[in-house]
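Residue numbers (full-length UniProt numbering): 1 to 155.
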């Protein structure tokens, strides 16, 4: 496999994943594709799609190709594998001011954790530190994924 992908393209796709879709890298073309759960199910069930609008037919053709030639695709890490909550927690532990660390660890408990966390990092003026930390974590996950799947990448 001699395709080369830009790490930033993989990271970008990992950041914007949707609940009802899966993201793949074509190891033949290097193209990153997103397949909705509906298109995936329809492809697996071999539902006819010639009556659909052109754009939907195109989406279905892509889904069919993923189903029929699955060995030509590698699925990108999912939202669950990324575990952004764990990233929040790990970031909180990097905050050297013990009082701020305790407050951050407290606000990330329970429902609404992400919203409260974002509000608090703005209050503490460490928003840039969080985004740098998060970007670095995403980059490391993308690099590991490429290495695990024997995919050449460039920065």
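Beta carbons are placed, not taken as given, at the ideal position from N, Cα and C, and that holds for glycine.
This one's a predicted model, so the numbers in the text were calculated from it and none came from an experiment.
Burial state of residue i (16 or more Cβ within 10 Å)
{"i": "residue 73", "result": "buried"}
{"i": "residue 45", "result": "exposed"}
{"i": "residue 39", "result": "buried"}
{"i": "residue 151", "result": "buried"}
{"i": "residue 53", "result": "exposed"}
In DSSP terms, what residue i is bridged to
{"i": "residue 26", "result": "73"}
{"i": "residue 153", "result": "5"}
{"i": "residue 21", "result": "36"}
Straight-line Cα distance separating residue j from residue i
{"i": "residue 155", "j": "residue 12", "result": "13 Å"}
{"i": "residue 10", "j": "residue 17", "result": "11 Å"}
{"i": "residue 118", "j": "residue 89", "result": "13 Å"}
{"i": "residue 141", "j": "residue 75", "result": "13 Å"}
{"i": "residue 68", "j": "residue 110", "result": "42 Å"}
{"i": "residue 2", "j": "residue 14", "result": "22 Å"}
(message) When you compare the region 9–22 with the region 33–50, are there three or more beta-carbon pairs, one atom per stretch, that lie closer than 8 Å?
(response) yes
(message) Whether or not the region 54–65 and the region 90–108 are in contact is what I'm after, with contact meaning three or more pairs of Cβ atoms, one per stretch, closer than 8 Å; do they touch?
(response) no
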